[in-house]
Amino acid sequence: MEEPQAGCQPAVDAVQEKFREEHHSQVDIEHALVQDDPREWRKARKYIVVVMICAAALIAGLTCNLYTPALAEMKADLHATSGQVSLTLSLFILIQGGAPIFWSSVSEIRGRKASHTLALVYIVSISLCCLGSVVSACSKTIKVLIGMRCLQAAGSSAVVSIGAATLADLFEPVERGTMMGVYLCAPLLGPSIGPILGGILTQAFDWRATFWLLAIFTGLCSLSFIFFTDTFRQERSLTYQSVLKRLKLQEEKHAVTAKDAVSSNVAVAQGASGREVVEGEVKSETSSVDTKIADLEAQKGQVAGLEPVKQAKVTLRDMNPVGPMIYVLRRKNNVVIILASALLFAFEFSITYTASLTLANEYHYDALKIGLVLLAFGIGMLLGSLLGGRYSDHVLAKLKAKNGGISAPEMRLQSTMFAMLLFPPFVVGYGWVCEEHVHIAAVCVILFFAGFFAICIYSSTLAYIVDANTGRSSSAVACNSSLRGLAGFIATEIAVPLQNALGDGGLYSMWAGLMLVSETLILLVWWKGGRWREASSERSSAKI
(Lines of atoms letter the chains of each structure in order from A and count residues from 1; the text may use other names and numbers.)
(Lines give C-alpha, C1' and ligand atoms only; values in the text may rest on other atoms or scores of the structure.)
Protein backbone atom coordinates (compact mmCIF):
# COMPACT_ATOMS: atom_id res chain seq x y z
CA MET A 1 0.00 0.00 0.00
CA GLU A 2 2.85 2.40 0.70
CA GLU A 3 4.49 2.12 -2.72
CA PRO A 4 1.55 3.39 -4.79
CA GLN A 5 1.17 6.38 -2.51
CA ALA A 6 4.84 7.25 -2.78
CA GLY A 7 4.71 6.99 -6.53
CA CYS A 8 1.61 9.09 -7.01
CA GLN A 9 2.34 11.97 -4.62
CA PRO A 10 5.21 13.52 -6.66
CA ALA A 11 2.86 13.93 -9.61
CA VAL A 12 0.43 15.87 -7.45
CA ASP A 13 3.25 17.98 -5.98
CA ALA A 14 4.57 18.78 -9.46
CA VAL A 15 1.17 19.99 -10.64
CA GLN A 16 0.72 22.08 -7.50
CA GLU A 17 4.13 23.68 -7.94
CA LYS A 18 3.43 24.42 -11.60
CA PHE A 19 0.11 26.00 -10.64
CA ARG A 20 1.76 28.22 -8.01
CA GLU A 21 4.41 29.43 -10.45
CA GLU A 22 1.93 30.20 -13.21
CA HIS A 23 -0.48 31.77 -10.75
CA HIS A 24 2.18 34.15 -9.43
CA SER A 25 3.42 35.16 -12.87
CA GLN A 26 0.24 35.34 -14.92
CA VAL A 27 -2.64 36.38 -12.69
CA ASP A 28 -3.62 40.04 -13.10
CA ILE A 29 -6.74 40.55 -11.06
CA GLU A 30 -6.93 44.14 -12.36
CA HIS A 31 -7.78 42.75 -15.81
CA ALA A 32 -9.53 39.49 -14.91
CA LEU A 33 -12.11 38.61 -17.56
CA VAL A 34 -15.63 39.48 -16.41
CA GLN A 35 -19.09 39.61 -17.85
CA ASP A 36 -20.30 43.07 -18.90
CA ASP A 37 -16.91 44.66 -18.19
CA PRO A 38 -17.54 48.28 -17.03
CA ARG A 39 -14.34 49.39 -18.75
CA GLU A 40 -15.88 48.37 -22.08
CA TRP A 41 -19.00 50.48 -21.58
CA ARG A 42 -19.75 53.42 -23.86
CA LYS A 43 -18.26 56.73 -22.75
CA ALA A 44 -21.69 58.28 -22.26
CA ARG A 45 -22.67 55.46 -19.91
CA LYS A 46 -19.45 55.86 -17.93
CA TYR A 47 -19.90 59.60 -17.61
CA ILE A 48 -23.45 59.20 -16.29
CA VAL A 49 -22.01 57.05 -13.49
CA VAL A 50 -19.30 59.66 -12.87
CA VAL A 51 -21.95 62.40 -12.54
CA MET A 52 -23.92 60.28 -10.06
CA ILE A 53 -20.81 59.55 -7.99
CA CYS A 54 -19.72 63.19 -8.01
CA ALA A 55 -23.19 64.34 -6.91
CA ALA A 56 -23.06 61.89 -4.01
CA ALA A 57 -19.50 62.95 -3.17
CA LEU A 58 -20.69 66.56 -2.91
CA ILE A 59 -22.74 65.50 0.13
CA ALA A 60 -19.64 65.01 2.30
CA GLY A 61 -18.32 68.54 1.78
CA LEU A 62 -21.71 70.25 2.00
CA THR A 63 -22.73 68.39 5.15
CA CYS A 64 -19.51 69.44 6.84
CA ASN A 65 -19.50 73.13 5.84
CA LEU A 66 -23.01 74.28 4.95
CA TYR A 67 -24.08 75.10 8.52
CA THR A 68 -20.91 76.88 9.69
CA PRO A 69 -22.20 80.46 9.07
CA ALA A 70 -25.16 79.61 11.32
CA LEU A 71 -23.13 78.42 14.31
CA ALA A 72 -23.78 81.54 16.40
CA GLU A 73 -27.53 81.49 15.77
CA MET A 74 -27.67 77.72 16.37
CA LYS A 75 -25.73 78.07 19.63
CA ALA A 76 -28.16 80.68 20.94
CA ASP A 77 -31.28 78.82 19.80
CA LEU A 78 -30.24 75.50 21.38
CA HIS A 79 -28.65 77.09 24.49
CA ALA A 80 -25.39 75.25 23.77
CA THR A 81 -21.84 75.84 24.97
CA SER A 82 -18.90 76.54 22.67
CA GLY A 83 -17.51 73.07 23.41
CA GLN A 84 -20.77 71.41 22.41
CA VAL A 85 -20.92 73.38 19.17
CA SER A 86 -17.33 72.44 18.31
CA LEU A 87 -18.22 68.77 18.83
CA THR A 88 -20.75 69.01 15.99
CA LEU A 89 -17.79 69.63 13.68
CA SER A 90 -14.89 67.66 15.17
CA LEU A 91 -16.91 64.47 15.77
CA PHE A 92 -18.28 64.76 12.24
CA ILE A 93 -14.75 64.82 10.81
CA LEU A 94 -13.64 61.88 12.96
CA ILE A 95 -16.60 59.62 12.14
CA GLN A 96 -16.65 60.57 8.48
CA GLY A 97 -13.04 59.41 8.32
CA GLY A 98 -13.54 56.13 10.17
CA ALA A 99 -16.89 54.88 8.85
CA PRO A 100 -15.67 54.15 5.27
CA ILE A 101 -13.78 51.13 6.65
CA PHE A 102 -17.13 49.46 7.34
CA TRP A 103 -18.73 50.50 4.05
CA SER A 104 -15.74 49.37 1.99
CA SER A 105 -15.59 45.92 3.61
CA VAL A 106 -19.27 45.40 2.78
CA SER A 107 -18.83 46.65 -0.80
CA GLU A 108 -15.84 44.39 -1.50
CA ILE A 109 -18.07 41.36 -0.86
CA ARG A 110 -21.63 42.30 -1.71
CA GLY A 111 -21.16 44.86 -4.47
CA ARG A 112 -21.64 48.62 -4.52
CA LYS A 113 -25.32 49.13 -5.43
CA ALA A 114 -28.84 48.22 -4.54
CA SER A 115 -29.85 45.23 -6.59
CA HIS A 116 -33.63 45.39 -7.22
CA THR A 117 -35.12 44.54 -3.82
CA LEU A 118 -31.94 44.71 -1.72
CA ALA A 119 -30.73 48.21 -0.82
CA LEU A 120 -26.97 48.21 -0.46
CA VAL A 121 -24.11 50.52 0.23
CA TYR A 122 -24.90 53.68 -1.74
CA ILE A 123 -28.63 53.85 -1.07
CA VAL A 124 -28.38 52.80 2.58
CA SER A 125 -25.55 55.19 3.39
CA ILE A 126 -27.04 58.22 1.65
CA SER A 127 -30.45 57.48 3.17
CA LEU A 128 -28.85 57.51 6.64
CA CYS A 129 -27.43 60.94 5.88
CA CYS A 130 -30.86 62.10 4.70
CA LEU A 131 -32.45 60.85 7.92
CA GLY A 132 -29.79 62.59 10.00
CA SER A 133 -30.41 65.84 8.13
CA VAL A 134 -34.18 65.71 8.70
CA VAL A 135 -33.83 65.06 12.44
CA SER A 136 -31.11 67.74 12.70
CA ALA A 137 -33.48 70.28 11.17
CA CYS A 138 -36.09 69.39 13.81
CA SER A 139 -33.67 69.22 16.76
CA LYS A 140 -34.71 70.92 19.99
CA THR A 141 -31.51 70.19 21.95
CA ILE A 142 -27.80 70.27 21.15
CA LYS A 143 -27.42 66.63 22.25
CA VAL A 144 -29.83 65.46 19.57
CA LEU A 145 -28.02 67.59 17.01
CA ILE A 146 -24.62 66.12 17.95
CA GLY A 147 -26.03 62.60 17.61
CA MET A 148 -27.55 63.35 14.23
CA ARG A 149 -24.31 64.95 13.04
CA CYS A 150 -22.64 61.63 13.82
CA LEU A 151 -25.30 59.84 11.75
CA GLN A 152 -24.79 62.33 8.92
CA ALA A 153 -21.06 61.68 9.03
CA ALA A 154 -21.48 57.91 8.88
CA GLY A 155 -23.94 58.14 6.00
CA SER A 156 -22.02 60.68 3.93
CA SER A 157 -18.74 58.79 4.33
CA ALA A 158 -19.45 55.79 2.10
CA VAL A 159 -18.92 57.55 -1.20
CA VAL A 160 -15.65 59.03 0.10
CA SER A 161 -13.92 55.65 -0.30
CA ILE A 162 -16.25 53.60 -2.48
CA GLY A 163 -16.65 56.37 -5.05
CA ALA A 164 -12.94 56.23 -5.87
CA ALA A 165 -13.16 52.44 -6.15
CA THR A 166 -16.13 52.75 -8.52
CA LEU A 167 -14.04 54.97 -10.79
CA ALA A 168 -11.29 52.34 -10.65
CA ASP A 169 -13.89 49.81 -11.86
CA LEU A 170 -14.73 52.04 -14.83
CA PHE A 171 -11.37 53.36 -16.01
CA GLU A 172 -7.92 52.02 -16.79
CA PRO A 173 -4.98 53.32 -14.70
CA VAL A 174 -3.85 55.73 -17.43
CA GLU A 175 -7.26 57.48 -17.24
CA ARG A 176 -7.73 57.47 -13.48
CA GLY A 177 -5.76 60.60 -12.69
CA THR A 178 -8.11 62.76 -14.74
CA MET A 179 -11.19 61.02 -13.34
CA MET A 180 -9.88 61.30 -9.78
CA GLY A 181 -9.41 65.02 -10.39
CA VAL A 182 -13.02 65.34 -11.54
CA TYR A 183 -14.21 63.21 -8.63
CA LEU A 184 -12.32 65.28 -6.05
CA CYS A 185 -13.93 68.46 -7.37
CA ALA A 186 -17.24 67.40 -5.85
CA PRO A 187 -16.25 67.21 -2.17
CA LEU A 188 -14.15 70.34 -2.69
CA LEU A 189 -17.20 72.28 -3.82
CA GLY A 190 -18.56 71.85 -0.29
CA PRO A 191 -15.89 73.98 1.42
CA SER A 192 -16.06 76.41 -1.51
CA ILE A 193 -19.77 77.12 -1.83
CA GLY A 194 -20.99 75.72 1.50
CA PRO A 195 -20.28 78.79 3.67
CA ILE A 196 -21.73 81.18 1.08
CA LEU A 197 -24.86 79.10 0.53
CA GLY A 198 -25.23 78.54 4.26
CA GLY A 199 -24.95 82.26 4.95
CA ILE A 200 -27.64 83.07 2.39
CA LEU A 201 -30.02 80.43 3.78
CA THR A 202 -29.43 81.54 7.37
CA GLN A 203 -30.08 85.19 6.57
CA ALA A 204 -33.18 84.38 4.50
CA PHE A 205 -34.67 81.80 6.90
CA ASP A 206 -32.78 80.36 9.91
CA TRP A 207 -30.10 77.80 10.74
CA ARG A 208 -32.52 74.90 10.26
CA ALA A 209 -32.86 75.74 6.56
CA THR A 210 -29.31 74.48 5.95
CA PHE A 211 -30.29 71.01 7.16
CA TRP A 212 -33.54 70.99 5.18
CA LEU A 213 -31.55 71.71 2.03
CA LEU A 214 -29.24 68.80 2.86
CA ALA A 215 -32.25 66.54 3.43
CA ILE A 216 -33.70 67.38 0.00
CA PHE A 217 -30.37 66.98 -1.81
CA THR A 218 -29.45 63.67 -0.14
CA GLY A 219 -32.94 62.33 -0.75
CA LEU A 220 -32.66 63.03 -4.48
CA CYS A 221 -29.19 61.45 -4.61
CA SER A 222 -30.46 58.34 -2.84
CA LEU A 223 -33.34 57.98 -5.29
CA SER A 224 -31.01 58.37 -8.28
CA PHE A 225 -29.03 55.29 -7.23
CA ILE A 226 -32.08 53.08 -7.72
CA PHE A 227 -31.17 53.28 -11.42
CA PHE A 228 -27.44 52.82 -10.82
CA THR A 229 -25.80 50.02 -12.81
CA ASP A 230 -23.35 48.13 -10.63
CA THR A 231 -19.69 48.44 -11.66
CA PHE A 232 -18.33 46.02 -9.05
CA ARG A 233 -17.09 42.64 -10.28
CA GLN A 234 -16.29 39.99 -7.69
CA GLU A 235 -13.68 38.42 -9.96
CA ARG A 236 -11.57 41.56 -9.43
CA SER A 237 -11.94 41.63 -5.65
CA LEU A 238 -9.19 40.06 -3.56
CA THR A 239 -11.55 40.08 -0.59
CA TYR A 240 -14.10 37.92 -2.40
CA GLN A 241 -11.36 35.66 -3.75
CA SER A 242 -10.20 35.08 -0.18
CA VAL A 243 -13.75 34.00 0.72
CA LEU A 244 -13.74 31.50 -2.15
CA LYS A 245 -10.34 30.21 -1.06
CA ARG A 246 -11.58 29.65 2.49
CA LEU A 247 -14.69 27.83 1.28
CA LYS A 248 -12.62 25.67 -1.07
CA LEU A 249 -10.29 24.65 1.75
CA GLN A 250 -13.29 23.70 3.88
CA GLU A 251 -14.75 21.62 1.05
CA GLU A 252 -11.44 19.83 0.50
CA LYS A 253 -11.13 19.13 4.23
CA HIS A 254 -14.61 17.58 4.32
CA ALA A 255 -13.87 15.57 1.17
CA VAL A 256 -10.64 14.17 2.62
CA THR A 257 -12.41 13.24 5.87
CA ALA A 258 -15.17 11.46 3.96
CA LYS A 259 -12.64 9.64 1.77
CA ASP A 260 -10.69 8.42 4.80
CA ALA A 261 -13.88 7.09 6.36
CA VAL A 262 -14.85 5.22 3.18
CA SER A 263 -11.33 3.79 2.75
CA SER A 264 -11.36 2.54 6.34
CA ASN A 265 -14.69 0.79 5.86
CA VAL A 266 -13.56 -0.83 2.60
CA ALA A 267 -10.33 -2.05 4.21
CA VAL A 268 -12.25 -3.71 7.07
CA ALA A 269 -14.79 -5.29 4.73
CA GLN A 270 -12.12 -6.70 2.38
CA GLY A 271 -9.43 -7.42 4.96
CA ALA A 272 -9.30 -11.10 3.96
CA SER A 273 -8.44 -10.26 0.35
CA GLY A 274 -5.27 -8.25 0.65
CA ARG A 275 -4.52 -8.29 -3.05
CA GLU A 276 -7.94 -6.88 -3.92
CA VAL A 277 -7.43 -4.05 -1.47
CA VAL A 278 -4.00 -3.16 -2.84
CA GLU A 279 -5.21 -3.15 -6.45
CA GLY A 280 -8.25 -1.10 -5.48
CA GLU A 281 -6.14 1.50 -3.69
CA VAL A 282 -3.69 1.76 -6.59
CA LYS A 283 -6.60 2.55 -8.88
CA SER A 284 -8.02 4.93 -6.29
CA GLU A 285 -4.74 6.82 -5.93
CA THR A 286 -4.31 7.07 -9.71
CA SER A 287 -7.84 8.39 -10.01
CA SER A 288 -7.12 10.80 -7.15
CA VAL A 289 -4.07 12.19 -8.97
CA ASP A 290 -6.10 12.71 -12.15
CA THR A 291 -8.85 14.39 -10.18
CA LYS A 292 -6.43 16.73 -8.38
CA ILE A 293 -4.75 17.64 -11.67
CA ALA A 294 -8.13 18.43 -13.21
CA ASP A 295 -9.17 20.45 -10.15
CA LEU A 296 -5.96 22.48 -10.20
CA GLU A 297 -6.27 23.23 -13.90
CA ALA A 298 -9.88 24.29 -13.38
CA GLN A 299 -8.84 26.45 -10.44
CA LYS A 300 -6.14 28.06 -12.59
CA GLY A 301 -8.74 29.05 -15.16
CA GLN A 302 -11.02 30.52 -12.55
CA VAL A 303 -8.27 32.58 -10.91
CA ALA A 304 -7.25 34.00 -14.27
CA GLY A 305 -10.81 35.16 -14.79
CA LEU A 306 -11.56 32.81 -17.70
CA GLU A 307 -14.81 31.69 -16.09
CA PRO A 308 -17.42 33.58 -14.08
CA VAL A 309 -16.71 33.45 -10.39
CA LYS A 310 -19.00 31.11 -8.49
CA GLN A 311 -21.32 32.52 -5.88
CA ALA A 312 -20.51 32.00 -2.23
CA LYS A 313 -22.51 32.54 0.91
CA VAL A 314 -20.96 35.51 2.68
CA THR A 315 -20.95 35.74 6.48
CA LEU A 316 -20.34 38.60 8.90
CA ARG A 317 -16.86 37.19 9.35
CA ASP A 318 -16.12 37.88 5.69
CA MET A 319 -17.32 41.49 6.02
CA ASN A 320 -15.10 42.13 9.03
CA PRO A 321 -13.28 45.40 8.22
CA VAL A 322 -10.23 44.50 10.32
CA GLY A 323 -8.89 41.94 7.84
CA PRO A 324 -8.76 44.24 4.80
CA MET A 325 -7.29 47.01 6.97
CA ILE A 326 -4.49 44.73 8.17
CA TYR A 327 -3.81 43.64 4.60
CA VAL A 328 -3.51 47.26 3.43
CA LEU A 329 -1.48 48.53 6.39
CA ARG A 330 0.87 45.56 6.27
CA ARG A 331 2.37 47.05 3.11
CA LYS A 332 5.02 49.64 3.82
CA ASN A 333 4.27 51.75 0.73
CA ASN A 334 0.63 52.09 1.84
CA VAL A 335 1.51 53.21 5.35
CA VAL A 336 3.94 55.86 4.13
CA ILE A 337 1.71 57.32 1.41
CA ILE A 338 -1.36 57.33 3.70
CA LEU A 339 0.60 59.26 6.34
CA ALA A 340 1.59 61.82 3.70
CA SER A 341 -2.01 62.08 2.52
CA ALA A 342 -3.30 62.53 6.08
CA LEU A 343 -0.94 65.44 6.73
CA LEU A 344 -2.13 67.18 3.56
CA PHE A 345 -5.76 66.69 4.53
CA ALA A 346 -5.17 67.99 8.06
CA PHE A 347 -3.58 71.14 6.63
CA GLU A 348 -6.60 71.79 4.42
CA PHE A 349 -8.95 71.61 7.41
CA SER A 350 -6.69 73.72 9.60
CA ILE A 351 -6.33 76.56 7.12
CA THR A 352 -10.06 76.87 6.39
CA TYR A 353 -10.96 76.70 10.08
CA THR A 354 -8.38 79.21 11.33
CA ALA A 355 -8.88 81.51 8.33
CA SER A 356 -12.52 81.95 9.36
CA LEU A 357 -11.40 83.07 12.83
CA THR A 358 -8.67 85.36 11.48
CA LEU A 359 -11.01 87.04 9.00
CA ALA A 360 -13.66 87.52 11.68
CA ASN A 361 -11.38 88.76 14.47
CA GLU A 362 -8.63 90.62 12.61
CA TYR A 363 -10.39 91.76 9.43
CA HIS A 364 -13.86 92.09 11.06
CA TYR A 365 -15.67 90.27 8.23
CA ASP A 366 -19.17 88.84 8.53
CA ALA A 367 -20.11 85.27 7.55
CA LEU A 368 -20.83 86.08 3.90
CA LYS A 369 -17.55 87.96 3.36
CA ILE A 370 -15.61 85.16 5.05
CA GLY A 371 -17.25 82.70 2.68
CA LEU A 372 -16.27 84.82 -0.32
CA VAL A 373 -12.62 84.96 0.79
CA LEU A 374 -12.51 81.21 1.40
CA LEU A 375 -13.91 80.79 -2.10
CA ALA A 376 -10.40 81.64 -3.35
CA PHE A 377 -9.03 78.57 -1.57
CA GLY A 378 -11.87 76.44 -2.91
CA ILE A 379 -11.42 77.61 -6.51
CA GLY A 380 -7.70 76.92 -6.26
CA MET A 381 -8.45 73.40 -5.10
CA LEU A 382 -10.99 72.85 -7.87
CA LEU A 383 -8.56 73.92 -10.60
CA GLY A 384 -5.72 72.00 -8.96
CA SER A 385 -7.84 68.87 -8.86
CA LEU A 386 -8.80 69.08 -12.54
CA LEU A 387 -5.45 70.17 -13.95
CA GLY A 388 -3.39 68.10 -11.52
CA GLY A 389 -5.30 64.93 -12.35
CA ARG A 390 -4.91 65.46 -16.09
CA TYR A 391 -1.20 66.22 -15.71
CA SER A 392 -0.82 63.10 -13.57
CA ASP A 393 -2.27 60.95 -16.38
CA HIS A 394 0.00 62.68 -18.91
CA VAL A 395 3.11 61.93 -16.87
CA LEU A 396 2.06 58.31 -16.32
CA ALA A 397 1.37 57.75 -20.03
CA LYS A 398 4.69 59.33 -21.00
CA LEU A 399 6.71 57.24 -18.54
CA LYS A 400 4.81 54.10 -19.52
CA ALA A 401 5.69 54.64 -23.19
CA LYS A 402 9.36 55.08 -22.29
CA ASN A 403 9.24 51.88 -20.24
CA GLY A 404 8.09 49.68 -23.11
CA GLY A 405 4.39 49.91 -22.32
CA ILE A 406 4.82 48.79 -18.71
CA SER A 407 3.61 51.11 -15.97
CA ALA A 408 4.05 51.19 -12.21
CA PRO A 409 1.92 53.12 -9.69
CA GLU A 410 4.99 55.04 -8.51
CA MET A 411 5.37 56.67 -11.92
CA ARG A 412 2.31 58.80 -11.18
CA LEU A 413 3.99 60.43 -8.18
CA GLN A 414 6.55 62.08 -10.44
CA SER A 415 3.81 64.51 -11.49
CA THR A 416 3.87 66.06 -7.99
CA MET A 417 7.48 67.31 -8.13
CA PHE A 418 6.74 70.86 -9.34
CA ALA A 419 3.85 71.36 -6.92
CA MET A 420 5.90 70.05 -3.99
CA LEU A 421 8.62 72.60 -4.76
CA LEU A 422 6.26 75.61 -4.58
CA PHE A 423 3.75 74.49 -1.97
CA PRO A 424 5.65 75.13 1.34
CA PRO A 425 6.55 78.77 0.51
CA PHE A 426 2.86 79.58 0.01
CA VAL A 427 2.02 77.93 3.35
CA VAL A 428 4.57 80.12 5.15
CA GLY A 429 3.49 83.15 3.13
CA TYR A 430 -0.14 82.77 4.16
CA GLY A 431 0.74 82.71 7.85
CA TRP A 432 2.85 85.85 7.81
CA VAL A 433 0.53 87.79 5.51
CA CYS A 434 -2.26 87.20 8.05
CA GLU A 435 0.08 87.92 10.96
CA GLU A 436 0.95 91.35 9.52
CA HIS A 437 -2.67 92.10 8.47
CA VAL A 438 -1.71 92.66 4.83
CA HIS A 439 -4.42 93.71 2.36
CA ILE A 440 -7.07 91.05 1.80
CA ALA A 441 -6.12 90.73 -1.88
CA ALA A 442 -2.80 89.17 -0.85
CA VAL A 443 -4.61 86.73 1.43
CA CYS A 444 -6.90 85.68 -1.44
CA VAL A 445 -4.02 85.15 -3.88
CA ILE A 446 -2.01 83.05 -1.44
CA LEU A 447 -5.07 81.03 -0.44
CA PHE A 448 -5.72 80.29 -4.12
CA PHE A 449 -2.22 78.94 -4.79
CA ALA A 450 -2.03 77.09 -1.47
CA GLY A 451 -5.24 75.27 -2.37
CA PHE A 452 -4.08 74.66 -5.94
CA PHE A 453 -0.77 73.03 -5.01
CA ALA A 454 -2.18 71.14 -2.01
CA ILE A 455 -4.79 69.33 -4.07
CA CYS A 456 -2.41 68.72 -6.99
CA ILE A 457 -0.30 66.66 -4.60
CA TYR A 458 -3.21 65.08 -2.75
CA SER A 459 -5.06 63.89 -5.88
CA SER A 460 -1.95 62.08 -7.12
CA THR A 461 -1.49 60.35 -3.76
CA LEU A 462 -5.12 59.19 -3.85
CA ALA A 463 -4.74 57.85 -7.40
CA TYR A 464 -1.56 56.05 -6.28
CA ILE A 465 -3.41 54.42 -3.37
CA VAL A 466 -6.01 53.06 -5.81
CA ASP A 467 -3.45 51.89 -8.39
CA ALA A 468 -1.16 50.23 -5.83
CA ASN A 469 -3.96 48.19 -4.23
CA THR A 470 -5.53 46.31 -7.09
CA GLY A 471 -8.46 44.22 -5.88
CA ARG A 472 -8.68 46.09 -2.57
CA SER A 473 -9.03 49.69 -3.71
CA SER A 474 -12.09 50.34 -1.51
CA SER A 475 -10.33 49.08 1.61
CA ALA A 476 -7.19 51.06 0.79
CA VAL A 477 -9.08 54.32 0.24
CA ALA A 478 -11.08 53.62 3.42
CA CYS A 479 -7.86 53.26 5.41
CA ASN A 480 -6.72 56.55 3.93
CA SER A 481 -10.04 58.18 4.86
CA SER A 482 -9.82 56.83 8.39
CA LEU A 483 -6.34 58.16 9.07
CA ARG A 484 -6.99 61.49 7.38
CA GLY A 485 -10.21 61.83 9.39
CA LEU A 486 -8.24 61.31 12.58
CA ALA A 487 -5.66 63.84 11.40
CA GLY A 488 -8.41 66.33 10.53
CA PHE A 489 -10.03 65.81 13.94
CA ILE A 490 -6.74 66.48 15.75
CA ALA A 491 -5.93 69.48 13.53
CA THR A 492 -9.35 71.00 14.22
CA GLU A 493 -9.13 70.48 17.99
CA ILE A 494 -5.62 71.97 18.37
CA ALA A 495 -5.88 74.70 15.72
CA VAL A 496 -7.29 77.45 17.95
CA PRO A 497 -4.96 76.85 20.94
CA LEU A 498 -1.94 76.86 18.61
CA GLN A 499 -3.21 79.93 16.78
CA ASN A 500 -3.64 81.78 20.07
CA ALA A 501 -0.19 80.71 21.31
CA LEU A 502 1.88 81.08 18.11
CA GLY A 503 -0.12 83.45 15.94
CA ASP A 504 -0.82 82.73 12.28
CA GLY A 505 2.84 83.25 11.36
CA GLY A 506 4.16 80.70 13.83
CA LEU A 507 1.31 78.25 13.23
CA TYR A 508 1.79 78.11 9.46
CA SER A 509 5.56 78.06 9.70
CA MET A 510 4.98 74.87 11.68
CA TRP A 511 2.57 73.63 9.01
CA ALA A 512 5.15 74.34 6.31
CA GLY A 513 7.54 72.05 8.18
CA LEU A 514 4.88 69.34 8.34
CA MET A 515 4.25 69.73 4.62
CA LEU A 516 7.96 69.16 4.00
CA VAL A 517 7.65 65.95 6.02
CA SER A 518 4.67 64.93 3.88
CA GLU A 519 6.59 65.64 0.68
CA THR A 520 9.58 63.66 1.94
CA LEU A 521 7.30 60.66 2.52
CA ILE A 522 5.93 60.96 -1.02
CA LEU A 523 9.46 61.06 -2.44
CA LEU A 524 10.32 57.99 -0.38
CA VAL A 525 7.42 56.06 -1.91
CA TRP A 526 8.39 57.29 -5.39
CA TRP A 527 11.94 56.01 -4.81
CA LYS A 528 11.37 52.73 -2.95
CA GLY A 529 7.65 52.00 -3.29
CA GLY A 530 8.10 49.54 -6.15
CA ARG A 531 10.53 47.38 -4.18
CA TRP A 532 8.29 47.50 -1.13
CA ARG A 533 5.30 46.34 -3.18
CA GLU A 534 7.27 43.49 -4.74
CA ALA A 535 8.51 42.34 -1.34
CA SER A 536 4.95 42.38 0.03
CA SER A 537 3.66 40.45 -2.98
CA GLU A 538 6.36 37.81 -2.54
CA ARG A 539 5.44 37.37 1.11
CA SER A 540 1.78 37.02 0.19
CA SER A 541 2.59 34.55 -2.59
CA ALA A 542 4.65 32.42 -0.23
CA LYS A 543 1.52 31.82 1.87
CA ILE A 544 -0.45 30.35 -1.03
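Each residue of the sequence shown is one higher than the one before, counting from 1 in the UniProt record's numbering.
Glycine included, every Cβ here is placed at the ideal spot set by N, Cα and C.
Would you check if the distance between the CB atom of residue i and the CB atom of residue j is smaller than 8 angstroms?
i           : j    : result
M52         : F228 : yes
L343        : V517 : yes
A158        : V466 : no
residue 588 : S127 : Here the chain has residues from 1 to 544 only, and residue 588 is not among them.
S133        : L214 : yes
residue 567 : Q152 : No information on residue 567 is available, as it lies outside the stretch 1 to 544 that the chain covers here.
V174        : V50  : no
I457        : F418 : no
C221        : A55  : yes
C444        : A376 : yes
R533        : R330 : no
L189        : G61  : yes
I522        : T358 : no
I455        : M381 : yes
T88         : I146 : yes
I95         : C150 : yes
S385        : L201 : no
G389        : S192 : no
I338        : Y464 : no
I351        : A442 : no
L368        : G199 : yes
In or out: residue i buried (at least 16 other Cβ within 10 Å) or exposed?
i    : result
G404 : exposed
L462 : buried
K46  : buried
I326 : exposed
N334 : buried
G513 : exposed
R208 : buried
I162 : buried
S460 : buried
E519 : buried
A204 : exposed
I216 : exposed
T210 : buried
P187 : buried
E307 : No answer about E307 holds up, because its pLDDT of 43 lies below 50 and its placement is not dependable.
Could you tell me the alpha carbon to alpha carbon distance between residue i and residue j, rounded to whole angstroms?
i    : j    : result
T81  : F349 : 22 angstroms
N469 : C479 : 12 angstroms
A70  : G194 : 11 angstroms
L170 : S90  : 34 angstroms
S86  : G530 : 42 angstroms
M510 : A487 : 15 angstroms
Q84  : W526 : 43 angstroms
A165 : V328 : 15 angstroms
I370 : Y391 : 32 angstroms
G431 : H437 : 10 angstroms
L374 : A476 : 31 angstroms
S136 : V144 : 7 angstroms
S387 : L78  : Before going on, a small fix: residue 387 reads as Leu here, not Ser. If I take the Cα positions, the gap works out to 43 angstroms.
T218 : I59  : 7 angstroms
F92  : N65  : 11 angstroms
L223 : E435 : 48 angstroms
Y353 : A495 : 8 angstroms
A99  : A57  : 15 angstroms
M515 : C130 : 36 angstroms
V121 : S473 : 16 angstroms
W41  : W212 : 37 angstroms
A76  : E172 : 52 angstroms
F426 : V433 : 10 angstroms
L421 : I226 : 45 angstroms
S407 : H394 : 12 angstroms
M180 : R39  : 16 angstroms
N500 : A360 : 14 angstroms
K528 : A535 : 11 angstroms
I142 : F452 : 36 angstroms
A154 : K43  : 32 angstroms
K402 : I446 : 37 angstroms
V428 : L498 : 15 angstroms
S156 : F448 : 27 angstroms
Would you say residue i faces chain C, with C-beta separation under 8 angstroms as the test?
i    : result
T461 : Protein chain content of the structure displayed is limited to a single chain, and chain C is not contained in it.
With hydrogens ignored, establish whether the beta-carbon of residue i is closer than 7 angstroms to any heavy atom of the ligand PLP.
i    : result
W527 : The ligand PLP is absent from the structure shown, which contains no ligand whatsoever.
Taking three-plus beta-carbon pairs below 8 angstroms as touching, is the segment 481-497 in contact with the segment 396-412?
no
Count Cβ pairs between the segment 355-371 and the segment 506-522 that sit closer than 8 angstroms; are there 3 or more?
no
Within the segment 338-406, note down every full alpha helix (DSSP H) run reaching 4 residues or more, in order along the chain.
367-402
Could you check whether the segment 488-496 touches the segment 328-347, counting it as contact only if at least three pairs of C-beta atoms, one from each stretch, sit closer than 8 angstroms?
yes
Inside the segment 399-467 only - alpha helix (DSSP H) runs reaching at least 4 residues
417-435, 440-467
Quick one: which unbroken alpha helix (DSSP H) runs of 4-plus residues sit fully inside the segment 196-236? Chain order, please.
208-224
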